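Below is one structure, written out as C-alpha coordinates; comments come after it.
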Amino acid sequence: PEAPVTMVVLTLWLLLFLLLGALLGINMYSVIVLQDLQSDLINPHDCANRVNQLVEPEFAMQALVSALLLLAGGWSWLGLGMLAVHVPLSAFHFKAYVRREHLTEVTDVFHTMDRERQRRGTKMVVYVVTFVLVIYRATQTAVNAFLTPEGKLQAAEFFKEAMTNNLHHF
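In the working numbering, the protein residues as written are 548 to 717.
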(Lines of atoms letter the chains of each structure in order from A and count residues from 1; the text may use other names and numbers.)
(Lines give C-alpha, C1' and ligand atoms only; values in the text may rest on other atoms or scores of the structure.)
Protein backbone atom coordinates (compact mmCIF):
# COMPACT_ATOMS: atom_id res chain seq x y z
CA PRO A 1 0.00 0.00 0.00
CA GLU A 2 2.95 2.38 0.47
CA ALA A 3 4.03 2.29 -3.20
CA PRO A 4 0.77 3.72 -4.66
CA VAL A 5 0.82 6.52 -2.06
CA THR A 6 4.43 7.31 -2.95
CA MET A 7 3.55 7.46 -6.65
CA VAL A 8 0.69 9.87 -5.89
CA VAL A 9 3.05 12.07 -3.86
CA LEU A 10 5.64 11.95 -6.66
CA THR A 11 2.94 12.96 -9.15
CA LEU A 12 2.00 15.89 -6.90
CA TRP A 13 5.64 17.04 -6.75
CA LEU A 14 5.88 16.83 -10.54
CA LEU A 15 2.66 18.85 -10.93
CA LEU A 16 4.10 21.43 -8.53
CA PHE A 17 7.24 21.55 -10.67
CA LEU A 18 5.17 22.37 -13.77
CA LEU A 19 2.96 24.92 -12.00
CA LEU A 20 5.91 26.73 -10.45
CA GLY A 21 7.64 26.82 -13.83
CA ALA A 22 4.53 28.42 -15.31
CA LEU A 23 4.32 30.93 -12.43
CA LEU A 24 7.96 31.85 -12.95
CA GLY A 25 7.31 32.36 -16.65
CA ILE A 26 4.28 34.56 -16.00
CA ASN A 27 6.17 36.72 -13.53
CA MET A 28 9.24 37.05 -15.78
CA TYR A 29 7.03 38.01 -18.71
CA SER A 30 5.20 40.61 -16.60
CA VAL A 31 8.47 42.14 -15.38
CA ILE A 32 9.74 42.30 -18.98
CA VAL A 33 6.51 43.99 -20.13
CA LEU A 34 6.77 46.55 -17.33
CA GLN A 35 10.41 47.15 -18.25
CA ASP A 36 9.39 47.62 -21.88
CA LEU A 37 6.87 50.23 -20.76
CA GLN A 38 9.50 52.06 -18.74
CA SER A 39 11.84 51.97 -21.76
CA ASP A 40 8.98 53.33 -23.89
CA LEU A 41 8.93 50.28 -26.16
CA ILE A 42 5.19 49.68 -25.67
CA ASN A 43 2.28 51.93 -24.77
CA PRO A 44 0.42 51.85 -21.43
CA HIS A 45 -2.69 50.27 -22.97
CA ASP A 46 -0.76 47.29 -24.38
CA CYS A 47 1.20 46.92 -21.14
CA ALA A 48 -1.95 46.83 -19.01
CA ASN A 49 -3.64 44.36 -21.38
CA ARG A 50 -0.64 42.02 -21.44
CA VAL A 51 -0.21 42.03 -17.66
CA ASN A 52 -3.95 41.80 -16.90
CA GLN A 53 -4.58 38.79 -19.14
CA LEU A 54 -2.23 36.72 -16.97
CA VAL A 55 -3.37 37.85 -13.50
CA GLU A 56 -6.31 35.47 -13.03
CA PRO A 57 -4.45 32.39 -14.35
CA GLU A 58 -1.57 33.30 -12.01
CA PHE A 59 -3.93 33.58 -9.04
CA ALA A 60 -5.56 30.23 -9.86
CA MET A 61 -2.20 28.50 -10.26
CA GLN A 62 -0.96 30.01 -6.99
CA ALA A 63 -4.02 28.70 -5.13
CA LEU A 64 -3.47 25.28 -6.70
CA VAL A 65 0.20 25.35 -5.65
CA SER A 66 -0.85 26.02 -2.05
CA ALA A 67 -3.34 23.14 -2.12
CA LEU A 68 -0.84 20.73 -3.71
CA LEU A 69 1.85 21.69 -1.18
CA LEU A 70 -0.59 20.77 1.56
CA LEU A 71 -1.36 17.41 -0.09
CA ALA A 72 2.22 16.56 -1.07
CA GLY A 73 3.57 16.39 2.44
CA GLY A 74 3.06 19.76 3.98
CA TRP A 75 3.66 18.43 7.46
CA SER A 76 7.45 18.18 7.25
CA TRP A 77 9.54 21.18 8.26
CA LEU A 78 10.24 21.88 4.60
CA GLY A 79 6.58 21.56 3.63
CA LEU A 80 5.47 23.78 6.50
CA GLY A 81 8.02 26.39 5.45
CA MET A 82 6.72 26.39 1.89
CA LEU A 83 3.13 26.54 3.13
CA ALA A 84 4.02 29.44 5.45
CA VAL A 85 4.95 31.45 2.36
CA HIS A 86 2.41 30.26 -0.20
CA VAL A 87 -0.77 30.35 1.88
CA PRO A 88 -0.36 34.07 2.76
CA LEU A 89 0.50 34.77 -0.89
CA SER A 90 -2.71 33.03 -1.96
CA ALA A 91 -4.62 35.03 0.67
CA PHE A 92 -3.07 38.24 -0.67
CA HIS A 93 -4.17 37.30 -4.19
CA PHE A 94 -7.68 36.46 -2.96
CA LYS A 95 -7.95 39.77 -1.10
CA ALA A 96 -6.79 41.72 -4.17
CA TYR A 97 -9.26 39.83 -6.36
CA VAL A 98 -12.22 40.41 -4.03
CA ARG A 99 -11.41 44.13 -3.76
CA ARG A 100 -10.96 44.32 -7.55
CA GLU A 101 -7.40 45.59 -7.03
CA HIS A 102 -5.77 42.84 -9.06
CA LEU A 103 -5.92 44.51 -12.47
CA THR A 104 -3.54 47.19 -13.72
CA GLU A 105 -5.40 50.32 -14.81
CA VAL A 106 -4.20 51.93 -18.03
CA THR A 107 -4.37 55.39 -16.48
CA ASP A 108 -2.37 54.39 -13.38
CA VAL A 109 0.17 52.06 -14.94
CA PHE A 110 3.03 54.56 -14.65
CA HIS A 111 2.21 55.32 -11.01
CA THR A 112 1.98 51.66 -9.99
CA MET A 113 4.79 50.33 -12.18
CA ASP A 114 7.55 50.39 -9.54
CA ARG A 115 5.33 48.81 -6.88
CA GLU A 116 4.16 46.14 -9.33
CA ARG A 117 7.72 45.33 -10.40
CA GLN A 118 8.75 45.04 -6.75
CA ARG A 119 5.85 42.68 -6.04
CA ARG A 120 6.65 40.60 -9.11
CA GLY A 121 10.31 40.45 -8.14
CA THR A 122 9.44 39.30 -4.61
CA LYS A 123 7.07 36.66 -5.98
CA MET A 124 9.76 35.52 -8.38
CA VAL A 125 12.17 34.95 -5.48
CA VAL A 126 9.49 32.94 -3.66
CA TYR A 127 8.77 30.89 -6.77
CA VAL A 128 12.46 30.22 -7.51
CA VAL A 129 13.18 29.07 -3.95
CA THR A 130 10.06 26.89 -3.93
CA PHE A 131 10.95 25.57 -7.39
CA VAL A 132 14.36 24.40 -6.13
CA LEU A 133 12.82 22.84 -3.02
CA VAL A 134 10.19 21.05 -5.11
CA ILE A 135 12.91 19.64 -7.37
CA TYR A 136 14.70 18.40 -4.25
CA ARG A 137 11.56 16.80 -2.80
CA ALA A 138 10.57 15.23 -6.14
CA THR A 139 14.05 13.74 -6.48
CA GLN A 140 13.99 12.51 -2.90
CA THR A 141 10.57 10.92 -3.40
CA ALA A 142 11.63 9.29 -6.68
CA VAL A 143 14.82 7.88 -5.18
CA ASN A 144 12.94 6.51 -2.19
CA ALA A 145 10.24 5.05 -4.45
CA PHE A 146 12.45 3.38 -7.04
CA LEU A 147 15.54 2.23 -5.15
CA THR A 148 15.54 -1.01 -3.23
CA PRO A 149 17.06 -1.01 0.27
CA GLU A 150 20.27 -2.47 -1.22
CA GLY A 151 20.27 0.20 -3.92
CA LYS A 152 19.85 2.91 -1.29
CA LEU A 153 22.88 1.57 0.59
CA GLN A 154 24.93 1.48 -2.61
CA ALA A 155 23.90 5.04 -3.48
CA ALA A 156 24.74 6.25 0.04
CA GLU A 157 28.16 4.59 -0.19
CA PHE A 158 28.76 6.08 -3.64
CA PHE A 159 27.96 9.62 -2.48
CA LYS A 160 29.93 9.17 0.73
CA GLU A 161 32.96 8.06 -1.31
CA ALA A 162 32.47 10.91 -3.78
CA MET A 163 32.49 13.43 -0.93
CA THR A 164 35.75 12.10 0.54
CA ASN A 165 37.73 11.67 -2.69
CA ASN A 166 39.89 14.43 -4.06
CA LEU A 167 38.64 14.97 -7.60
CA HIS A 168 40.85 17.96 -8.45
CA HIS A 169 43.28 16.00 -10.62
CA PHE A 170 41.25 13.61 -12.73
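Here a beta-carbon is modelled for each residue, glycine too, at the ideal position from N, C-alpha and C.
Predicted, not measured: the structure shown is a model, and the values here were computed from it.
Given a threshold of 16 other Cβ atoms within 10 Å of its Cβ, counted over all protein chains shown, does residue i qualify as buried or as exposed?
| i | result |
| --- | --- |
| Q701 | exposed |
| T677 | buried |
| M554 | exposed |
| M629 | buried |
| Y683 | exposed |
| Q665 | exposed |
Tell me whether the beta-carbon of residue i lies closer than 8 angstroms to the beta-carbon of residue j.
| i | j | result |
| --- | --- | --- |
| F657 | P591 | yes |
| L570 | V681 | no |
| V612 | L566 | yes |
| E652 | A595 | yes |
| V668 | V578 | Strictly speaking, residue 668 in this sequence is Gly, with Val absent from that position. In this structure, V578 lies closer than 8 angstroms to G668 by Cβ. |
| M671 | M575 | yes |
| A619 | V556 | yes |
Can you give the Cα-Cα distance for residue i and residue j, rounded to whole angstroms?
| i | j | result |
| --- | --- | --- |
| P696 | F706 | 15 angstroms |
| V632 | Q600 | 25 angstroms |
| T558 | E603 | 25 angstroms |
| T711 | E704 | 11 angstroms |
| G626 | E605 | 21 angstroms |
| W560 | A685 | 5 angstroms |
| H649 | K642 | 9 angstroms |
| A607 | I589 | 27 angstroms |
| D593 | G568 | 25 angstroms |
| S623 | D655 | 43 angstroms |
| H699 | L616 | Reading off the sequence shown, one finds Lys at residue 699, where the question assumed His. K699 and L616: Cα-Cα distance of roughly 26 angstroms. |
| I573 | V552 | 32 angstroms |
| Q609 | V675 | 13 angstroms |
| Q582 | R646 | 26 angstroms |
| E708 | A550 | 30 angstroms |
Is it the case that the region 635-648 contacts the region 682-689, given that we only count it when at least three CB pairs across the two stretches are under 8 angstroms? By the C-beta criterion, the region 682-689 is judged not to be in contact with the region 635-648, since fewer than 3 inter-stretch pairs fall below 8 angstroms.
Residue ranges of each alpha helix (DSSP H) run of no fewer than 4 residues wholly in the region 582-670, ordered along the chain? For the region 582-670, whole alpha helix (DSSP H) runs of length 4 or above, ordered along the chain, are 591-599, 602-618 and 624-645.
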